[in-house]
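Notes follow once the structure below has been shown.
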Amino acid sequence: VRDYDVRTPGIDVKAAALSGGNQQKLIVGREMSHRPKVLIAAHPTRGVDVGAQAAIWDHIRDARAAGLAVVLISADLDELIGLSDTLRVILRGRFVADADPATVTPEELGSAMTGAGGSASGQAAATDATARPASAPRVRFDSIARGLGMTRRFDLRSGLITLAAPVAAMLIAALLSSIALIISDIDPIFAFQQMLDYGTERDSIVDIINRSTYYYIAAVAVAIGFRMNLFNIGVDGQYQLAGMVAAGAGGGFLLRGLPGPVLALAVILIAVVVGALWAGVAGLLKVTRGVSEVISTIMLNAIGAGIVAYLISERGIGVLPPGGNITSTRLLPEGSWIPGIPVSGARAEVFGFVFVAIAVGIGYWWALNRTRFGFDLRAAGANAPAAVASGVDVRRMVLIAMLVSGGLAGLVGLPLLLGEYHQFTSEFPGGIGFTGIAIALIGRNSPVGIAFGALLWSFLDRSQQILDLESIPKEIVVILQGVSVLSVVIAYELVRRLRLRLEQRRVGEQLGLTAPPETPVAAGVSA
Amino acid sequence: MSSAQSAQPLIDTDIAIAKPPPARRSKLPYVLLSIAGGLILLSLVRSLTGADDLTSRGTMREALQWAVPIGLAGLGGLWSERAGIVNIGLEGMMILGTWFGAWAGVQYGPWAGVAFGIVGGAMGGLLHALATVTFGVDHIVSGVAITILGAGLTRYLSGLTFTEMEGGGPTQSPTIGDIQRVSVPGVNGPLEDLERKHWFLVSDLAGILGGVTTAVSLLTIVALLLVPATYFALWRTTFGLRLRSCGENPVAAESLGVNVYRYKYLAVIISGGLAGLGGVYLAEVSSSIYREGQTNGRGYIGLATMIFGNWRPGGLAAGAGLFGFTDALQQRPAGGESVHALLLFVALLVAGVAVRSILRKRYVNAGVSLAVALAVLAWFLLQDDVPNEFVRFMPHLTTLLVLALAAQRLRPPAADGLPYRRGQGG
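Protein chains in written order, with my numbering: chain A, 246 to 772; chain B, 18 to 443.
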């Protein structure tokens with residue numbers, strides 16, 4: 246206690262009662278005092294005041310001079326540079342950069358850690374420094390990174406648990422809706438059987454794929470925001486305004502003359518820009534005025550709906566077809582229609598736009614896991630203070646994420662616009678944005694998960710239509726959908742906790758410590 | 018140095034957080050002055066434009082009627098967020114309130130409807146508490162899910178129940194009986210005469226008083242009383258202090274022996290109940306049937322009202338009044354004309370802000386304000402009507418503008434929306 250200047254009222258006070266910095270000093274002292282051969286020090290000076298930090302550094306230097314191998318893992322780049330003989334940056338379990346502490350600057354080190362410098366893939370980084378007895382053991386640093394959900398190495402057990410969550414949630418949802426059906430005197434097995442039969446007919450499958458197309462894009466738009474704890478509730482307003490403006494411009498006299506494919510591209514581009522701008526209003530309000538994006542996007546939905554309603558009316562740019570009572574924009578020239586894909590045995594065609602949706606999914610996966618942007622996005626979502634500390638400009642990220650999310654939202658209405666309606670009408674389907682939120686939650690913001698979620702939701706949407714014919718209230722499906730969303734998010738949260746606990750135990754075993762369930766590791770992760 | 022010394026600053030900061038700002042003067046004169054100023058300006062605009070409906074008793078009555086459900090939702094948000102739980106599921110709880118209120122109201126009379134509506138909303142609150150407090154789900158995620166669920170459940174139940182009833186259908190209920198309305202005796206006649214004279218200020222005051230003293234539903238009075246009741250419960254009782262401490266610093270509250278989970282549960286259930294009451298009010302007082310989509314985002318506006326009111330009941334009530342007023346204008350036959358007149362009101366108000374900015378030497382602010390004022394003035398002069406579609410989103414636009422102007426001066430509860438686990442303080 247004396248050597249490390251631990252400030253305690255007395256030697257018999259329990260360690261847990263001390264302040265964080267003093268606890269840290271105590272731990273360093275405890276580890277150093279049995280004269281180990283190898284010391285693995287993770288953030289040894291975190292939460293310690295400046296004076297004590299210097300003292301700990303001195304101790305580590307002294308011990309090293311006495312032949313101790315030190316593996317130092319730290320978020321404090323100056324500490325690493327000052328103390329180490331060799332610096333190594335680890336990305337995804339591989340060494341990707343070596344640096345000489347005598348010459349490297351914190352900035353260079355930081356960019357190597359995020360993967361921006363030279364190495365293209367950005368992943369969680371741990372840096373180690375080995376001292377003179379060069380046979381320092383390689384410890385699995387990725388366990389730390391994995392605690393933050395940063396690595397993607399597949400672990401069979403946790404994979405199974407992750408898969409079990411949505412399945413269990415769906416079972417619960419099915420059970421609850423069965424109970425609701427039984428209460429209203431309907432055989433649930435019969436109802437589900439009917440839905441399954443009808444939902445797997447060819448026409449149904451085409452319809453399900455078509456619905457999934459726009460649901461998927463909407464959900465990805467929402468998920469991008471979710472990944473950095475940004476809630477774009479405004480996808481609904483964004484896609485409607487974007488679809489309206491794009492259809493109006495495409496059918497208007499300025500663009501009508503363009504050759505078909507060019508016009509289609511122009512419509513898509515306009516929709517993306519309008520969607521991005523509308524979402525950008527919320528992003529700008531958040532970064533400049535601190536307005537919560539949750540409230541502002543909800544308000545923008547209502548305002549957007551009002552503007553669309555005005556524009557589509559005859560006082561705006563809407564036209565009333567003779568004998569009709571639904572106003573619409575002018576029909577897009579036929580050349581700009583995106584052709585469907587015929588399916589044998591089905592009357593309907595699959596939207597050609599389905600390829601755009603697939604591209605969106607691949608682009609989303611790539612941007613998230615293979616670019617600096619994606620890394621910053623996830624880092625800002627997982628731990629904003631840490632992201633700020635490592636040089637992520639969170640305000641800029643908020644604005645960019647909002648713009649990207651809105652731009653994707655602009656695409657949502659286009660499968661219907663370019664593939665089916667070819668004009669925007671006052672009856673254009675609404676609410677796809679809200680469904681997108683639900684699907685993003687079910688799919689847990691992952692590109693593949695969202696695809697399953699979108700297909701499932703579309704299946705339920707489609708197959709409920711048979712229920713009316715059997716005089717079963719089809720609204721039971723809406724309950725099924727609602728319950729499944731709620732139980733899925735609860736199941737994921739429970740799984741997250743379970744994995745965290747397993748992880749803590751594993752790390753504890755590896756480090757040879759018997760970690761109690763509530764270790765500082767848990768505090769560090771949840772804080 | 019001893020440990021006592023190093024621990025000292027910590028304790029000091031803790032106290033500083035709990036202490037109100039030292040130089041806090043009574044804001045009452047300021048508030049009264051702004052109300053009077055706003056009234057004079059409104060009256061001036063009415064005289065200039067001849068949009069007499071702006072301050073008529075009918076408008077005021079409707080304003081009150083639309084302000085109450087928004088205010089109730091806002092109070093719901095206040096209870097929950099003061100305990101640290103963001104409740105964006107208010108909309109869903111309100112939907113549950115409208116349906117359960119109407120369902121019971123049709124069968125057992127309006128007051129039974131009130132009770133069932135509260136219970137319906139509270140069930141939504143219980144679900145939210147279960148998800149956020151016990152299971153630690155993100156508050157916004159859970160709220161969104163509850164809103165989806167509430168809409169789905171009520172649609173299913175309507176199909177089951179209201180279709181069987183005479184006058185009902187899959188999306189609406191039969192007519193619900195009325196709740197008694199009361200008037201202050203003896204003031205109706207004189208006020209009405211005064212209002213017809215269209216005198217500057219006097220007639221406006223008469224219109225406002227007339228609107229809020231005649232044919233007021235008993236449920237309105239109950240709802241209005243809930244504002245001071247909430248203030249008393251949250252700021253003047255031990256219970257309220259503990260509940261708010263859960264929203265400011267749950268770890269500290271826990272260390273003092275407060276059962277944080279229980280308080281959070283209670284707060285969110287009460288929050289749901291209030292939102293449910295707001296829903297019943299919509300079904301029974303604002304109209305006399307349940308209709309699908311009746312809440313029309315009022316739960317969200319309630320939440321915005323609470324933010325607008327800086328997480329305090331007084332500001333919340335003022336915000337609800339403002340939204341009720343704009344909501345009422347679009348329901349009135351002369352709504353377009355009134356909103357058009359309001360453009361002048363807004364132009365003058367923003368011009369006032371510009372003048373104040375010049376006096377305070379904030380020239381950038383002044384420039385922006387002046388530009389906005391001129392733009393609105395130009396709109397007022399060049400057009401003689403505001404399209405109905407625009408009138409409809411006026412409350413939302415107001416919310417957005419108010420938040421953009423005031424958001425940085427707001428102070429939410431310190432631990433609002435943060436996850437909390439029992440024993441996380443170590």
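Note that CB positions come from ideal geometry on N, CA and C, so glycine has one too.
Residue i: which of the options sits nearest, CA to CA?
{"i": "F249(B)", "options": "R329(B), I306(B), G109(B)", "result": "R329(B)"}
{"i": "L391(B)", "options": "N313(B), A371(B), W252(B)", "result": "A371(B)"}
{"i": "G167(B)", "options": "V244(B), V277(B), W96(B), G289(B)", "result": "G289(B)"}
{"i": "R426(B)", "options": "V367(B), V408(B), Q347(B), F325(B)", "result": "F325(B)"}
{"i": "V733(A)", "options": "R575(A), I417(A), S573(A), I305(A)", "result": "I417(A)"}
{"i": "P587(A)", "options": "S422(A), D452(A), I469(A)", "result": "D452(A)"}
{"i": "W120(B)", "options": "T180(B), P202(B), W252(B)", "result": "T180(B)"}
{"i": "V412(A)", "options": "L756(A), L747(A), R742(A), I735(A)", "result": "I735(A)"}
{"i": "L508(A)", "options": "R472(A), G496(A), L701(A)", "result": "G496(A)"}
{"i": "G675(A)", "options": "G551(A), R447(A), E538(A), S589(A)", "result": "G551(A)"}
{"i": "T458(A)", "options": "D442(A), V657(A), R623(A)", "result": "V657(A)"}
{"i": "G727(A)", "options": "Q441(B), T164(B), D210(B)", "result": "T164(B)"}
Mind reading off the beta-carbon distance from residue i to residue j? Whole number of angstroms is fine, and I expect it under 8 Å.
{"i": "F679(A)", "j": "G488(A)", "result": "That pair is no contact at about 16 Å."}
{"i": "L360(B)", "j": "G134(B)", "result": "Actually they do not touch by this definition, with Cβ atoms about 37 Å apart."}
{"i": "M647(A)", "j": "G520(A)", "result": "At roughly 11 Å, the Cβ-Cβ gap does not stay under 8 Å, so M647(A) and G520(A) are not in contact."}
{"i": "L81(B)", "j": "G94(B)", "result": "Contact doesn't hold; Cβ gap of about 20 Å is too wide."}
{"i": "R259(B)", "j": "A270(B)", "result": "7 Å"}
{"i": "G626(A)", "j": "A463(A)", "result": "That belief does not hold up - the Cβ atoms of G626(A) and A463(A) are roughly 20 Å apart, past 8 Å."}
{"i": "A431(B)", "j": "G88(B)", "result": "Actually they are not in contact, since the Cβ atoms of A431(B) and G88(B) sit about 25 Å apart, beyond 8 Å."}
{"i": "L333(B)", "j": "G91(B)", "result": "5 Å"}
Kindly indicate which three-state DSSP category residue i falls into: helix, strand or coil?
{"i": "D387(A)", "result": "At D387(A) the pLDDT is 39, less than 50, meaning the model places this residue with poor confidence; the figure from the coordinates comes in the next sentence. Note: D387(A) maps to helix in three-state DSSP."}
{"i": "V161(B)", "result": "helix"}
{"i": "S386(B)", "result": "helix"}
{"i": "T670(A)", "result": "strand"}
{"i": "Q189(B)", "result": "strand"}
{"i": "R41(B)", "result": "Residue placement at R41(B) is poorly supported in this model, since its pLDDT is 49, which falls under 50; the coordinates still yield a value, given next. Coil."}
{"i": "V62(B)", "result": "helix"}
{"i": "R742(A)", "result": "helix"}
{"i": "V85(B)", "result": "helix"}
{"i": "S234(B)", "result": "strand"}
{"i": "E209(B)", "result": "helix"}
{"i": "L756(A)", "result": "coil"}
{"i": "P436(B)", "result": "coil"}
{"i": "R426(B)", "result": "helix"}
Kindly list, in the order they appear in chain A, the residues whose Cβ is closer than 7 Å to that of residue i.
{"i": "G153(B)", "result": "E738"}
{"i": "F407(B)", "result": "G551, Y555"}
{"i": "V161(B)", "result": "I682"}
{"i": "L414(B)", "result": "I548"}
{"i": "P404(B)", "result": "Y555, R560"}
{"i": "F340(B)", "result": "By Cβ distance, chain A contributes nothing, its closest Cβ being about 11 Å from F340(B), past 7 Å."}
For residue i, go through chain B and note every residue whose CB falls closer than 8 Å to its CB, in chain order.
{"i": "V412(A)", "result": "Per Cβ cutoff of 8 Å: no residues; V412(A) is ~18 Å from chain B at best."}
{"i": "S691(A)", "result": "Neighbours of S691(A) on chain B: none; closest Cβ ~15 Å, over 8 Å."}
{"i": "R456(A)", "result": "By Cβ distance, chain B contributes nothing, its closest Cβ being about 17 Å from R456(A), past 8 Å."}
{"i": "R623(A)", "result": "Those do not exist, as R623(A) stays about 16 Å from chain B at its closest Cβ, beyond 8 Å."}
Which bits of chain B does residue i rub up against, with CB to CB less than 9 Å?
{"i": "I562(A)", "result": "Within 9 Å Cβ-Cβ: nothing; I562(A) doesn't reach chain B, min ~13 Å."}
Name the chain A residues whose beta carbon is nearer than 9 Å to that of residue i?
{"i": "V48(B)", "result": "Here the premise fails: no neighbours, minimum Cβ distance about 24 Å."}
Starting from residue i, find everything on chain B with Cβ-Cβ shorter than 7 Å and list it in chain order.
{"i": "S429(A)", "result": "L177"}
{"i": "L530(A)", "result": "A421"}
{"i": "I721(A)", "result": "Y173"}
Which chain A residues are close to residue i, counting only those with a beta carbon under 8 Å from its beta carbon?
{"i": "L158(B)", "result": "With the sequence shown as reference, residue 158(B) is identified as Val, and Leu is not the correct amino acid for it. Correct list: L686, V734."}
{"i": "I324(B)", "result": "S537, I540"}
Next on the checklist: I'd like to know if the stretch 134-149 of chain B and the stretch 712-719 of chain A are in contact, where contact means that at least 3 CB-CB pairs between them fall below 8 Å.
Outcome noted: no
Checklist entry - Can at least three beta-carbon pairs, one atom from the stretch 474-489 of chain A and one from the stretch 546-553 of chain A, be found at a separation below 8 Å? => result yes
Checklist entry - If we count Cβ pairs, one from each stretch, closer than 8 Å, do we get three or more for the stretch 585-597 of chain A versus the stretch 655-669 of chain A? => result yes
Item to check | Sufficient close CB pairs (3 or more, under 8 Å) joining the stretch 121-129 of chain B to the stretch 636-655 of chain A | outcome: no
Item to check | Validate contact between the stretch 227-245 of chain B and the stretch 98-118 of chain B using beta carbons, cut 8 Å, 3 pairs | outcome: no
Checklist entry - Is there contact between the stretch 62-74 of chain B and the stretch 213-223 of chain B, where contact requires at least three CB pairs shorter than 8 Å? => result yes
Next on the checklist: When you compare the stretch 454-470 of chain A with the stretch 698-707 of chain A, are there three or more beta-carbon pairs, one atom per stretch, that lie closer than 8 Å?
Outcome noted: yes
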